[in-house]
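Visitor:
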Amino acid sequence: MKTIYYKKTYKPFVRRPRLNHQIRVSPIRLIDEKGNNLDIVKTGEALKMALEKGLDLIEIAPNAQPPVCRIMDFGKYQYQKTQVEKKQKTKQVKTDVKGVRISLGISKHDAEFKAKQAEKFLSRGHKVRIEMILRGREKGMFEIAQSKMKEFIETIPMEIKIEQGARRQQRGLGMVITKE
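Listed below in structure tokens is the structure:
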């Protein structure tokens, strides 16, 4: 009969703030449950005050001199912290890099169409990577390709900022632009 071995998975280590008796630094700056500053006190006194009120002593800023501790319920503290993180996450704007491919022999109408497409991406707040694909002998016409790329950028009707200039890539040229 074979023995089956399972790979042990470990939970990532999450640094939690020190609570009550875990706080070994003395003196500390104390803040009560209402947010009032109670000045600098010894850790033992602060712990007694917290236990009398039936709350926890939480070390909020351990690197400050002296460390800042607050009297409040630890469950409430964790809940408030997760709410703040959620708000920050929703405010964060996610920008994608959208791509527009053109070739060296692109016609005027196709270039205008691709420029409108790039403008649409920029107006939505995305970055746009413009790639010019070069094939065969076109790879030797680097200067011509650069001038064609500049012409294409000028056809985009909105003001843009070049984030990454025209660079040689494996298949041709590439550049990244954003809305100004």
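Residue 15 is where the sequence shown starts when you use this note's numbering, and the numbers rise one by one after that.
We put the CB at the ideal spot given by N, CA and C, even for glycine.
1. Do A159 and L136 have their beta-carbon atoms positioned less than 8 Å apart in this structure?
2. Which of the three DSSP states, helix, strand or coil, is assigned to I85?
3. From what residue to what residue does the alpha helix (DSSP H) around E145 run?
4. Can you tell me which of the three DSSP states E133 falls into?
5. Just confirm the distance between the C-beta atoms of I42 and C83, as a whole number of angstroms; I'd bet it's less than 8 Å.
6. Give the DSSP-derived three-state secondary structure of L44 in the structure shown.
7. For G113 and P81, I'd like the C-alpha separation in whole angstroms.
8. Of all the options K21, G58 and K193, which has the alpha carbon lying nearest to the alpha carbon of T109?
9. Using the three-state DSSP reduction, which class does N50 fall into: helix, strand or coil?
10. Helix, strand or coil for L61 per DSSP?
11. For my contact list, I191 and V142 are in at a C-beta cut-off of 8 Å; report their separation, rounded to the angstrom.
12. CA-CA distance, T96 and R185?
13. What's the C-alpha gap between N77 and I37?
14. For chain B, check one thing: does any of its Cβ atoms lie closer than 8 Å to the Cβ of E152?
15. Shortest alpha-carbon distance to S40 belongs to which of Y24, T23 and E59?
16. What are the boundary residues of the beta strand (DSSP E) that includes Y192?
Guide: Quick answer:
1. Position 122 of the sequence shown holds residue 136. Position 145 of the sequence shown holds residue 159. Not closer than 8 Å, so no.
2. Locating residue 85 in the sequence shown gives position 71, counting from the first residue. Three-state DSSP puts I85 in a strand.
3. The residue you call residue 145 lines up with position 131 of the sequence shown. Premise fails: E145 lies in the beta strand (DSSP E), K141 to I147, not in any alpha helix (DSSP H).
4. Reading the sequence shown from its first residue, position 119 is the one you call residue 133. In the structure shown, E133 sits in a helix (DSSP, three-state: H, G or I).
5. Within the sequence shown, numbered from 1, the residue matching residue 42 stands at position 28. Within the sequence shown, numbered from 1, the residue matching residue 83 stands at position 69. Sure, about 5 Å apart at Cβ, within 8 Å.
6. Position 30 of the sequence shown, counted from the start, is the residue given in the question as residue 44. Strand, per DSSP.
7. What you label residue 113 is simply residue 99 of the sequence shown in a count that begins at 1. What you label residue 81 is simply residue 67 of the sequence shown in a count that begins at 1. Each residue's Cα considered, the two are about 50 Å apart.
8. Locating residue 109 in the sequence shown gives position 95, counting from the first residue. Taking only the C-alpha atoms, the option nearest T109 is K193.
9. Along the sequence shown, one-based indexing puts residue 50 at 36. The answer is coil: DSSP assigns N50 none of H, G, I, E or B.
10. In the sequence shown, residue 61 corresponds to position 47, counting from 1. L61: helix per DSSP, three-state reduction.
11. Here residue 191 corresponds to residue number 177 of the sequence shown, with the count starting at 1. Here residue 142 corresponds to residue number 128 of the sequence shown, with the count starting at 1. At roughly 5 Å, the Cβ-Cβ gap stays under 8 Å, so I191 and V142 are in contact.
12. By 1-based counting over the sequence shown, the position of residue 96 is 82. By 1-based counting over the sequence shown, the position of residue 185 is 171. When rounded, the distance between both Cα atoms is 46 Å.
13. Reading the sequence shown from its first residue, position 63 is the one you call residue 77. Reading the sequence shown from its first residue, position 23 is the one you call residue 37. C-alpha separation (whole angstroms): 13 Å.
14. Looking for chain B here will not work: only one protein chain is present.
15. The residue given as residue 40 occupies position 26 in the sequence shown. Residue E59 is the option with its Cα nearest to S40.
16. As a working mapping, residue 192 is identified with position 178 in the sequence shown. Strictly speaking, residue 192 in this sequence is Thr, with Tyr absent from that position. Where T192 is concerned, the enclosing beta strand (DSSP E) stretches over G186 to K193.
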